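Using this note's numbering, you'd call the opening residue of the sequence shown number 479 and step up by one each time.
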Amino acid sequence: MKAVFCISAALALAMTGGCAAGDGRIRALVVTGHNNHNWQYTSRMHADTLEATGRFKVDITDAPGSVLGDPAKVTTYQVVILDYNDLGAPRRWGQPAETVFIEAVRNGLGVVSVHAANNSFSGWKEYEQMVGLLWREGTGHGRFHEFEVRTVDASHPVFAGLPAASRTTDELYHKLVNSQNVPYRLLASAMSSTESGGTGKDEPMAFTLDFGKGRVFHTPLGHVWTGDEGSKISVTTPIFRALLTRGAEWAATGSVSLPAEWSDVRTHNTLTSEEEAAGWQLLFDGKKPPSFRGWKKDSLPSRWKFDDGTLRLTKGEGEGGDICTLEEYADFEFALDWKVAPGGNSGVMYRATEDKNYPWETGPEMQILDNARHPDGKKPKTSAGSLYDLKECGVDVARPAGEWNSARVVVRGTRIEHYLNGFKVLEIDTASDEYKKRHAESKWPGMPDYNTRSKGRIALQDHGDEVAFRNIKVRRIER
């Protein structure tokens with residue numbers, strides 16, 4: 479009891495609504511790392527959605543016990559977003575994390591519970607009191623489908639100014655259980671239609687409650703199943719993004735200043751002072767012509783545009799074709815954000831040399847793709863993030879068409895690494911037996927110069943589909 483009292487006392491002294499970032503942004507922590515849903519995708523998407531508003535500075539922990547167990551760390555945050563559950567394995571956070579977290583919320587730490595976080599920790603009384611409505615015996619859902627979220631309480635700051643009804647596509651939980659009989663304030667509901675496999679009744683889609691001094695915002699929306707490309711849109715709909723960001727701001731501060739319509743207000747196409755010090759070079763500033771030209775050409779083809787802060791390939795009349803960097807690179811890191819049109823296909827090829835007609839004759843490719851609509855998305859070795867036709871993307875984090883993906887390629891000697899949306903999704907040594915086996919089983923043995931160059935240009939592919947890029951930068955690695 480003495481240890482618990484000391485933690486509680488320390489948190490009570492430290493918690494004054496958490497500490498805002500030095501620039502005034504709300505400090506937020508996304509708690510994830512285990513879930514019977516696709517937490518790798520949703521956690522990073524939630525963080526990007528929050529940070530894009532300019533209102534939040536977000537950290538992510540995939541190991542909640544290590545962060546939540548440290549009162550000094552917990553008290554630096556104003557709100558925690560729960561994207562974690564223990565289904566499939568008994569993954570409690572343990573002590574002191576559970577005590578520190580509960581006491582921090584009692585002392586004013588805000589909480590946002592998203593979708594399957596309400597499945598968690600059956601029998602943990604304090605957690606059940608804090609989350610309110612839970613997935614327990616008797617709870618269920620119908621099929622993933624489009625439905626209407628209707629405002630119940632427009633006077634609450636989270637819903638002030640939002641439409642009376644908004645469409646979303648999601649999984650609609652029904653018969654959530656209030657096991658601890660906690661009072662809550664219902665903000666929005668949705669009809670769980672019998673046609674979709676539901677109850678034929680209105681079910682809660684957003685509500686708030688108090689846990690000590692802590693404000694809790696809960697939405698059961700946000701279902702994304704691993705391996706199910708179609709469900710990834712649930713956390714990108716306008717109503718979900720509005721609820722996540724406005725709910726987090728309210729949980730952290732008690733008020734909402736964000737506009738009803740979510741938008742990305744961040745500054746792009748710049749380098750931080752740390753990146754400059756590390757040797758990064760910006761290849762496109764969003765205004766001037768990028769440091770690219772047409773493959774085996776002197777200038778940028780006319781269908782590649784750069785007048786709106788993005789470098790984008792358009793359809794229509796004019797000259798297209800692959801483009802490449804002005805300089806060659808041996809060992810390097812190359813990073814960019816990409817967004818592809820529905821059904822679209824493109825790629826980043828590297829160490830490509832212009833003694834051949836096309837970059838892919840010499841350069842390996844990191845695939846860019848709309849996995850949900852393009853046939854290549856059904857094959858792991860040709861899906862987004864893969865080393866094309868050689869090695870699959872190892873983590874299911876590619877985002878839907880129309881959403882920005884953050885990608886990075888690291889090449890050192892014979893070693894290749896691909897990163898996508900915050901995760902290393904593959905690595906391979908091209909001198910290894912594994913690579914030789916994969917190469918023999920691929921389409922590349924018929925092209926003897928493929929991946930034989932130790933230095934070359936980085937190319938962006940024209941595959942006939944619209945694609946956009948931003949935040950394009952490169953750093954040479956000296957050996």
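Note that CB positions come from ideal geometry on N, CA and C, so glycine has one too.
Source: prediction; values computed, not measured.
Item to check | Cα-Cα separation between ASN516 and SER544, rounded to whole angstroms | outcome: 22 Å
Item to check | Segment contact flag, the stretch 625-642 with the stretch 588-596, C-beta cutoff 8 Å, min 3 pairs | outcome: no
Checklist entry - So which of GLN518, CYS497, ARG953 has the shortest CA-CA distance to ARG759? => result Here residue 759 is Gln; the residue named in the question, Arg, does not match the sequence. When only C-alpha atoms are compared, the closest one is ARG953.
Checklist entry - Do the CB positions of LEU664 and PRO682 come within less than 8 Å of each other? => result yes
Item to check | Candidates LEU699, ARG569, MET608, of which the one nearest THR686 by Cα | outcome: MET608
Next on the checklist: For a minimum of 4 consecutive residues, which ranges assigned as the alpha helix (DSSP H) are wholly contained in the stretch 565-591?
Outcome noted: 575-584
Checklist entry - How far does the alpha helix (DSSP H) with ALA721 in it reach, from first residue to last? => result A small correction: the amino acid at residue 721 is Leu; Ala does not occupy that position in the sequence shown. Residues 716-731.
Next on the checklist: Quick check: the Cα distance between GLY900 and ARG522, rounded to an integer number of angstroms?
Outcome noted: 7 Å
Checklist entry - Between the C-alpha atoms of ALA582 and LYS915, what's the straight-line distance to the nearest angstrom? => result 53 Å
Checklist entry - What first and last residue would you give for the alpha helix (DSSP H) that runs through VAL903? => result From DSSP, VAL903 is part of no alpha helix (DSSP H) but of the beta strand (DSSP E) over 901-907.
Checklist entry - Are at least three pairs of beta-carbons, each pair with one atom in the stretch 702-722 and one in the stretch 733-746, less than 8 Å apart? => result yes
Item to check | Sequence-distant residues of the same chain with beta carbon closer than 7 Å to LEU491, five excluded per side | outcome: Annotation note: pLDDT 42 at LEU491 (below 50); position unreliable, coordinate value reported separately. So the list is empty, once near-sequence residues are dropped.
Next on the checklist: For SER932, count the other beta carbons within 10 Å of its own beta carbon; 16 or more makes it buried, fewer makes it exposed. Which is it?
Outcome noted: exposed
Next on the checklist: Output needed for PRO542: all residues of its chain with C-beta closer than 7 Å, excluding positions within five of it in sequence on either side, in chain order.
Outcome noted: VAL509, GLY511, TYR562, TRP571, ALA575
Item to check | Residue range of the beta strand (DSSP E) that includes LYS679 | outcome: 679-689
Checklist entry - Which residue spans inside the stretch 845-928 form an unbroken beta strand (DSSP E) run of at least 3? => result 883-890, 893-898, 901-907
Checklist entry - Which residue or residues does DSSP assign as beta-bridge partners of GLN759? => result VAL952
Next on the checklist: Do ARG584 and PHE689 have their beta-carbon atoms positioned less than 8 Å apart in this structure?
Outcome noted: yes
Checklist entry - What are the boundary residues of the beta strand (DSSP E) that includes SER670? => result 663-670
Item to check | Ranges of the beta strand (DSSP E) found wholly within the stretch 591-635, counting only runs of at least 3 | outcome: 623-629
Checklist entry - Tell me the DSSP bridge mates of ASN656? => result ASN656 is not bridged to any residue.
Item to check | C-alpha distance - ARG724 paired with SER864, whole-angstrom precision | outcome: 35 Å
Item to check | Separation of PRO878 from SER709, as counted between CA atoms | outcome: 10 Å
Item to check | Alpha-carbon spacing of ASN659 relative to THR697, whole angstroms | outcome: 18 Å
Checklist entry - Using CA coordinates, which residue listed in GLN939, GLU727, ARG935 is at the minimum distance from ARG505? => result GLU727
Next on the checklist: Going by beta-carbon coordinates alone, are TRP882 and LYS951 separated by less than 8 Å?
Outcome noted: no
Checklist entry - Taking the alpha-carbon positions, what's the THR554 to LEU565 distance? => result 29 Å
Checklist entry - Nearest to LYS921 by CA position, among ARG851, PRO842, VAL578, is which residue? => result PRO842
Checklist entry - Apart from the five residues just before and just after THR930, which ones in its own chain have a Cβ nearer than 8 Å to its Cβ? => result THR840
Checklist entry - CA-CA distance, HIS701 and GLY676? => result 16 Å
Checklist entry - If we ignore side chains and look at the alpha-carbon of each, how far apart do THR520 and THR617 end up? => result 22 Å
Next on the checklist: Suppose only complete runs of 4+ residues qualify. What are the alpha helix (DSSP H) ranges in the stretch 498-562, listed by chain order?
Outcome noted: 517-530, 542-546, 549-552
Next on the checklist: If I measure Cβ to Cβ from LYS859 and keep anything under 6 Å in the same chain, skipping five residues before and after, which residues do I get?
Outcome noted: ASP867, GLU870
Item to check | Nonlocal neighbours in the same chain, by C-beta distance under 6 Å from ARG851, ignoring five residues either side | outcome: PRO820, GLY821
Checklist entry - According to DSSP, what are the bridge partners of HIS696? => result SER591, PHE685
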